[in-house]
Amino acid sequence: MNKTLVEVSNLTKTFHSDQGEIKALDGVSFSVSEGETLGVVGESGCGKTTLGRVLAGLVRRDEGTVVFADKTRRKQIIFQDPYNSVDPYWTVERIVMETCNDRNEAIQLLNKVGLGIREKDSYPHELSGGQLQRVGIARALGAKPDFIVCDEPVSALDVSYQSKIISLLEELQQQEHLTYLFISHDLAVVRHIADRIMIMYKGQIMEIGETGEIIKNPVHPYTEFLLSAVPSPFEKKENFDIRDDKVVSKGCPFAPRCPYRQEICLQKRCELKMHGDGHLVACHVKEK
Numbered sequence: 000m001n002k003t004l005v006e007v008s009n010l011t012k013t014f015h016s017d018q019g020e021i022k023a024l025d026g027v028s029f030s031v032s033e034g035e036t037l038g039v040v041g042e043s044g045c046g047k048t049t050l051g052r053v054l055a056g057l058v059r060r061d062e063g064t065v066v067f068a069d070k071t072r073r074k075q076i077i078f079q080d081p082y083n084s085v086d087p088y089w090t091v092e093r094i095v096m097e098t099c100n101d102r103n104e105a106i107q108l109l110n111k112v113g114l115g116i117r118e119k120d121s122y123p124h125e126l127s128g129g130q131l132q133r134v135g136i137a138r139a140l141g142a143k144p145d146f147i148v149c150d151e152p153v154s155a156l157d158v159s160y161q162s163k164i165i166s167l168l169e170e171l172q173q174q175e176h177l178t179y180l181f182i183s184h185d186l187a188v189v190r191h192i193a194d195r196i197m198i199m200y201k202g203q204i205m206e207i208g209e210t211g212e213i214i215k216n217p218v219h220p221y222t223e224f225l226l227s228a229v230p231s232p233f234e235k236k237e238n239f240d241i242r243d244d245k246v247v248s249k250g251c252p253f254a255p256r257c258p259y260r261q262e263i264c265l266q267k268r269c270e271l272k273m274h275g276d277g278h279l280v281a282c283h284v285k286e287k
């Protein structure tokens, strides 16, 4: 088994706005092993992007710890929107040189991600979304990272291009010995690249385990709900009817929507507990 690259413990982050406090991360704890791809899945607002930005060093945490096995580990991030993550007045070559500071190396990195001499002098508006995401990947590689946060890297791309970027990320992971935190709202995408999947809802981890186990044997009701929304031509899925109750939960954040809810779910937070080898679940109902 590969050794742990990063250990996250009791991570908390709260944002303040005119509408009040938003707890984006609420006591999140997990680890990522060297060479692993950990998929982080959840709906918008679940805290997955905040988590990625904290691990990438772009957002300061309120509480908790993020410990890398080696303090010199280099971290990078690939953003969701390739157009908004680059300077529109810079050429592709200059964008990549932002991290590597060497023209020859920049060209080598562009070749590595499937781009070449023709694209190096182009500006962002002259490239497709898929091409520009390749530029973002090349820029990340220029820093020679060990750990890359992939924040919805294919969600802004055409479906026809998504698989190409996924394949590229997998190839680079093998070549460069990379570790990924792969963030997405789409389980259908994550299941193809992740070794393990972590399900988040309103800043908390609902379930975490090996990809095959999560897909075939989901335990938490929220995971069941997400899987019920994934289209499949091979299996008939049962409808998952969620509640829309206007109740306040001091316990499980999914309790107001959960069809299996019991009173304890509203009153007491359920910690992650083992539900098989390496399979952790936070659910009062399913632990009975």
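Heads up, the sequence shown is in numbering that gives the first Met the number 0, so the first residue is 0 and it goes up one at a time. Even for Gly, the Cβ is constructed at its ideal location relative to N, Cα and C.
Review point. From Ile263 to Cys269, what does the alpha carbon distance come to, in whole angstroms?
Key: Spanning the alpha carbons of Ile263 and Cys269 requires a straight line of approximately 9 Å.
**Study point:** Residue span of the alpha helix (DSSP H) that contains Ala187, given as start and end
**Key:** Membership of Ala187 in the alpha helix (DSSP H) is indicated by the continuous run 186-189.
Review point. What residue from Ile76, His219, Asn83 has the CA that sits closest to Glu294's CA?
Key: Here the chain has residues from 0 to 287 only, and residue 294 is not among them.
Practice item. Just the C-alpha distance for Asp194 and Ile213, rounded to the nearest angstrom, thanks. Key: 11 Å
Check your understanding: With contact counted as at least three CB pairs below 8 Å, one residue from each stretch, are the region 105-114 and the region 129-140 in contact?
Key -> yes
Exercise for review: Go ahead and label His278 buried or exposed: buried means 16 or more other beta carbons lie within 10 angstroms of its beta carbon, across all protein chains shown.
Suggested key: buried
**Study point:** contact_flag[the region 114-132, the region 85-94] where n(CB pairs < 8 Å) is 3 or more
**Key:** yes
Exercise for review: Go ahead and pull the three-state DSSP assignment for Pro232.
Suggested key: Low local confidence applies: a pLDDT of 45 at Pro232 is under 50, so the model's placement there is unreliable, and no value is given.
Point to revise | Neighbour-count burial assignment, Leu57, 16 or more Cβ in a 10 Å radius | key: exposed
**Study point:** Completely contained alpha helix (DSSP H) runs for the region 83-138, where each covers 4 or more residues
**Key:** 91-99, 102-111, 116-119
Check your understanding: Would Ala228 be called buried (16 or more neighbouring beta carbons within 10 Å of its own) or exposed?
Key -> exposed
Exercise for review: Would you kindly check if the distance between the Cβ of Gln174 and the Cβ of Pro252 is under 8 Å?
Suggested key: Not a contact, by the Cβ cut-off of 8 Å.
**Study point:** Under the three-state DSSP convention, the category Gly250 falls into
**Key:** coil
**Study point:** Arg52 (DSSP reduced to helix, strand or coil)
**Key:** helix
Exercise for review: Could you tell me the boundaries of the alpha helix (DSSP H) in which Val158 lies?
Suggested key: 158-175
Check your understanding: Quick one: what does DSSP say Arg195 is sitting in, helix, strand or coil?
Key -> strand
Point to revise | Burial state of Arg288 (16 or more Cβ within 10 Å) | key: What is shown of the chain runs 0 to 287, which leaves residue 288 out entirely.
Review point. For Gln266 versus Ser154, is the C-beta distance shorter than 8 Å?
Key: no
Point to revise | Chain-order list of residues whose beta-carbon lies under 8 Å from that of Ser43 (same chain, five-residue window excluded) | key: Hits under 8 Å: His184.
Practice item. Return the residue from the list Gly34, Ile241, Leu156 that minimises the CA-CA distance to Pro81. Key: Leu156
Point to revise | Rounded C-alpha distance that separates Asp69 from Val246 | key: 45 Å
Practice item. Express the C-alpha separation of Gly275 and Pro232 in angstroms, rounding to a whole number. Key: For Pro232, the predicted model reports a pLDDT of 45, less than 50, meaning its position is unreliable; a value from the coordinates is still stated below. The C-alpha of Pro232 lies about 29 Å from the C-alpha of Gly275.
**Study point:** Those residues which DSSP pairs with Glu20 across a bridge
**Key:** Beta-bridge analysis with DSSP links Glu20 to His15.
Check your understanding: If you draw a straight line from the C-alpha of Gln75 to the C-alpha of Phe146, how long is it?
Key -> 7 Å
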